[in-house]
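The structure under discussion appears below in the form of C-alpha cells.
There are 2 protein chains.
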Amino acid sequence: MTRFALTVEYDGRPFMGWQRQKHGPSVQAALEEAVFAVTGERTVVHAAGRTDAGVHGLGMRAHVDIGKDIAPFRLMEALNARVRPAPVAVLDCVVVADDWHARFSCLGRGYEYRIVNRRAPLTWEAGLAWQVPQLLDAAAMAEAAAVLVGRHDFTTFRSAHCQADSPVRTLDVLSVARDGERIAVRAAARSFLHHQVRSMVGCLALVGMRRWSVDDVRVALEARDRARLGLNAPPDGLFFVSAVY
Amino acid sequence: MTRFALTVEYDGRPFMGWQRQKHGPSVQAALEEAVFAVTGERTVVHAAGRTDAGVHGLGMRAHVDIGKDIAPFRLMEALNARVRPAPVAVLDCVVVADDWHARFSCLGRGYEYRIVNRRAPLTWEAGLAWQVPQLLDAAAMAEAAAVLVGRHDFTTFRSAHCQADSPVRTLDVLSVARDGERIAVRAAARSFLHHQVRSMVGCLALVGMRRWSVDDVRVALEARDRARLGLNAPPDGLFFVSAVY
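Order-wise, the sequence lines are chains A and B.
Residue numbers for the first sequence follow the UniProt record's numbering, beginning at 1 and rising by one.
Residue numbers for the second sequence follow the UniProt record's numbering, beginning at 1 and rising by one.
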C-alpha cells in the first residue's frame, strides 16, 4: 500500500461540494471513481478541506492509499484521463509517508474570495466570482478585516451546521486588495469554521457598502451570536488556494 | 436618432463569433435582439472587431443608433437585463457623435492571448485559455515576438478567408509574460488581419517548445506564404481587450 498526496484543482460549479453525497456529484466521488478506473480499487480520497457546493479548488491537497504498483507521474496522468469530463485536475502527485494525512497533518489553509464590483452581470466569470453592484470601499473593508485577524471566538461567523468542537480560531491573514473592478479577499489560518470565510467576506462587503461601520464588525464578533451575522457571501467567489504541511 | 457607444464583455464559448450568422448564435445577434426588446427597433450593432467563434471580449467597443429617447445609463441597464441568459454584458454606454464609428474610427486594437502551460487539463478555465503540456521557454518566445513587431507583410499569418485589401500591418506590441504556469501574450496594432494574433501565437508556441528557432519565425514572416505557418493557436485563449479612438 502506497500513500499518494495529490494537489487538485476543480471548478466547483457542477458539484454539491468536495464531500461524497448520496444525491449529487461531488469532487471526492469524481476522484474516487477515477482511482477505481485506474486501479480497480475502492478507496477514500481524503482532502485538506471539505469545500461547500459551488466553492472552487485551485490547490486543494488530498491523499489516497493505493495497492497497485504505479509511479506517481503515471497515476497523475491516468487520473486526469479518467476523471474527465468532470472539471477536476490533478496538478501534482507525490508519494508520502503512511502517517501523512491531508486533513490532520495540515498546518495551514489559504482561501481567496473574488468579488467583481460592477453593475453589469458577469459573463465568463459567472459562478467564479461574486458580483456586487454597489461601489465597495476597499480601504474600509481592509480596516474591518484587521478587526477579525487574531485569536477569537468566531461563533458569529460559523454555520449552524459547523461540527467543530470549538468556535475559537486564530486568523493569521485577512487582506483586501482592489485591482480595478476586482477585489480579492485573502484569508489564512491553521483551520477555519464552516462558512467562516464566506461569513467574514459578507460582513466586509457590508462595510464596503457603508451599511456597516468597522465597529459594527467588532460588535458582531464580540456578540458570539450567529444571529448577528450581517451577510453570508455566496459560494461562487470562494477558492481553496493552498494547504501548508 | 442618437448614436450610443457601448463597451461590451462576452464569453465567446457559446457563440459562432461576433458577427450575425444564419445558423447559430452570435454576440451581435444577442445584442441586436436585446436592443429590439428594449426599443422595438431593428438595428445593427457595429463592433470594433469581428471576433471568431470561441474568442472572448473583455472590452469590445460597439455602436448602435437608437430613435427612442433613452438615457445611456438606462439603455445599459435595460440591455443587460434583456440580453440574458446570453453571456454578454454592457460595461459602459455613452452618447457619441453621429460620425463616430466603432470600426472605422478605431485607431488601435489590443488583444491578450492566455496560455496555461501544464500537463493537467483545465477545469474552470476550459475554453478560456490554451492548455499547452510541453514546457514553454517564455524568454525564447519573447525574442521571437520581437521579430514580428513593426511594419511587415503578414501574409504568412493571415487566414485564407481574410478580406483585407493589404496584408501589410504595423504591429506595435507583441509581448510575452510568464506568471507561474500562465503565459500572457499581448498584441496591439491599429488593425489586425484575420487570424493574425492566433497565427502569431501558434508560431511563438513552437519557439517556446523549441521546435522552431527564432530564425524560423523570421523566415516564415519573410516567406509571405500561408503554407509556411507553423501552427494556428486555438480560439479559446484569445480575448479582445480594448479599442482606442
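Every residue, glycine too, gets a C-beta built ideally from N, C-alpha and C.
Owing to the predicted nature of the structure, the values given are computational and were not obtained by experimental measurement.
Are P133/A and D153/A touching if we call contact CB-CB under 8 angstroms? Translated into positions along the first sequence, residue 133/A becomes position 133. Translated into positions along the first sequence, residue 153/A becomes position 153. No, the Cβ-Cβ distance between P133/A and D153/A is not below 8 angstroms.
What does the alpha-carbon distance come out to for the pair K68/B and M16/B? In the second sequence, the residue the question calls residue 68/B occupies position 68. In the second sequence, the residue the question calls residue 16/B occupies position 16. When rounded, the distance between both Cα atoms is 30 angstroms.
Listed by chain order, chain B residues near L91/A by CB distance under 8 angstroms: Walking along the first sequence from the start, residue 91/A turns up at place 91. What L91/A touches in chain B: R118 and A120.
Do R126/B and V116/B have their C-beta atoms within less than 8 angstroms of each other? Reading the second sequence from its first residue, position 126 is the one you call residue 126/B. Reading the second sequence from its first residue, position 116 is the one you call residue 116/B. Note that residue 126/B is Ala in the sequence shown, not Arg. No, the Cβ-Cβ distance between A126/B and V116/B is not below 8 angstroms.
Report yes or no: do the segment 108-115 of chain A and the segment 168-186 of chain A share at least 3 C-beta pairs separated by less than 8 angstroms? yes
Please go through the segment 71-112 of chain B and give each complete alpha helix (DSSP H) segment of 4 or more residues, from N-terminal end onward. 72-83
Under 8 angstroms, do V88/B and A144/B count as touching if we go by C-beta distance? Position 88 of the second sequence, counted from the first residue, corresponds to residue 88/B. Position 144 of the second sequence, counted from the first residue, corresponds to residue 144/B. Not a contact, by the Cβ cut-off of 8 angstroms.
So is the beta-carbon of V83/B under 7 angstroms away from any non-hydrogen atom of the ligand MN? The ligand MN is not part of the structure shown, which contains no ligands of any sort.
So with CB distances below 7 angstroms, who are the chain A contacts of Y10/B? Counting from one through the second sequence, the residue named residue 10/B turns up at place 10. What Y10/B touches in chain A: T123.
Burial state of R211/B, where buried means 16 or more other Cβ atoms lie within 10 Å: The residue given as residue 211/B occupies position 211 in the second sequence. It counts as exposed.
Per DSSP, cross-strand counterpart(s) of H63/A: To locate residue 63/A, count along the first sequence from 1; it is residue 63. Paired residues: A5/A and H46/A.
Identify the contact partners of V88/A in chain B, using a Cβ-Cβ distance below 8 angstroms as the criterion. Stepping through the first sequence from its first residue, residue 88/A is reached at position 88. Those within 8 angstroms of V88/A in chain B are T123.
Counting only C-beta atoms, is L128/A closer than 8 angstroms to chain B at any point? Counted from its first residue, the first sequence places residue 128/A at position 128. Closer than 8 angstroms to some Cβ of chain B, the Cβ of L128/A qualifies, so yes.
In three-state terms, what does DSSP make of R116/B? Here residue 116/B corresponds to residue number 116 of the second sequence, with the count starting at 1. Correcting the residue type first, residue 116/B is Val in the shown sequence and not Arg. DSSP places V116/B in strand when its eight states are reduced to three.
Just checking: is the beta-carbon of N232/B within a distance shorter than 8 angstroms of some beta-carbon in chain D? No chain D appears in this structure, whose protein chains are A and B.
At least one CB of chain B closer than 8 angstroms to the CB of H56/A: is that the case? To locate residue 56/A, count along the first sequence from 1; it is residue 56. Yes, because at least one Cβ of chain B sits closer than 8 angstroms to the Cβ of H56/A.
Examine chain A for any beta-carbon lying closer than 8 angstroms to the beta-carbon of R186/B, and answer yes or no. The residue you call residue 186/B lines up with position 186 of the second sequence. So, not an interface residue.
Quick one: which chain A residues come within Cβ less than 8 angstroms of R84/B? Here residue 84/B refers to the residue found at position 84 of the second sequence. Result: P121.
Give the C-beta separation of A34/A and L79/A to the nearest angstrom, bearing in mind that I take them to be a contact with Cβ-Cβ under 8 angstroms. Position 34 of the first sequence, counted from the start, is the residue given in the question as residue 34/A. Position 79 of the first sequence, counted from the start, is the residue given in the question as residue 79/A. Yes, A34/A and L79/A are in contact; Cβ-Cβ is about 5 angstroms, under 8 angstroms.
Three-state secondary structure (DSSP) at A177/A? Here residue 177/A is taken as the residue at index 177 of the first sequence, counted from 1. In this structure, A177/A counts as strand in the three-state DSSP scheme.
For E32/A and Q28/B, I'd like the C-alpha separation in whole angstroms. The residue labelled residue 32/A in the question sits at position 32 within the first sequence. The residue labelled residue 28/B in the question sits at position 28 within the second sequence. Roughly 43 angstroms between the two C-alpha positions.
Enumerate, from N- to C-terminal direction, the unbroken alpha helix (DSSP H) stretches of 4 or more residues contained entirely within the segment 116-169 of chain B. 138-148
6 angstroms Cβ shell around S175/B - same chain, five flanking residues per side excluded: Here residue 175/B refers to the residue found at position 175 when the second sequence is read from its first residue. Hits under 6 angstroms: R186.
Name, in chain order, the residues that DSSP records as bridge partners for V244/B. In the second sequence, the residue the question calls residue 244/B occupies position 244. Paired residues: G108/B.
Collapsed DSSP secondary structure at A53/B in the structure displayed: Residue mapping note: residue 53/B aligns to position 53 of the second sequence, counting from 1. Correct three-state label for A53/B: coil.
Throw me the rounded Cβ distance for the V90/A and L6/A pair, which I believe falls under 8 angstroms. Working through the first sequence from its first residue, we reach residue 90/A at position 90. Working through the first sequence from its first residue, we reach residue 6/A at position 6. Indeed, because the Cβ distance is near 5 angstroms, the residues count as touching under 8 angstroms.
In its own chain, which residues sit with a C-beta less than 8 angstroms from the C-beta of R228/A, not counting the 5 before and 5 after it? As a position in the first sequence, residue 228/A is number 228, starting the count at 1. Closer than 8 angstroms at Cβ, skipping near neighbours: T156, V219 and A220.
Can you list, in chain order, the residues of its chain whose CB lies under 6 angstroms from that of S159/A, leaving out five sequence neighbours each side? The count along the first sequence starts at 1 and reaches residue 159/A at position 159. For S159/A, where only same-chain residues beyond five positions count, the Cβ hits under 6 angstroms are H194 and H195.
Are the beta-carbon atoms belonging to A188/B and G108/B less than 8 angstroms from one another? Start at 1 with the first residue of the second sequence, and residue 188/B comes out as number 188. Start at 1 with the first residue of the second sequence, and residue 108/B comes out as number 108. The answer is yes: Cβ separation under 8 angstroms.
Cα-Cα separation between G54/B and D11/B, rounded to whole angstroms: Residue numbering aside, residue 54/B sits at position 54 when the second sequence is read from its first letter. Residue numbering aside, residue 11/B sits at position 11 when the second sequence is read from its first letter. Each residue's alpha carbon lies about 8 angstroms from the other.
Residues bridged to G24/B [DSSP beta-bridge criterion]: Numbered from 1 along the second sequence, position 24 holds the residue referred to as residue 24/B. Beta-bridge pairing links G24/B to Q21/B.
What residue range is occupied by the uninterrupted beta strand (DSSP E) comprising R182/A? As a first step, residue 182/A is located in the first sequence; it is residue number 182 there, counting from the start. R182 to A189 is the extent of the beta strand (DSSP E) around R182/A.
Going by the beta-carbon positions, is the gap between I70/B and E41/B smaller than 8 angstroms? Along the second sequence, one-based indexing puts residue 70/B at 70. Along the second sequence, one-based indexing puts residue 41/B at 41. No, Cβ-Cβ distance for I70/B and E41/B is not below 8 angstroms.
Top-ranked residue by Cα proximity to L75/A, from A205/B, P234/B, R119/B and F239/B: Position 75 of the first sequence holds residue 75/A. Measuring from the Cα of L75/A, the nearest candidate turns out to be R119/B.
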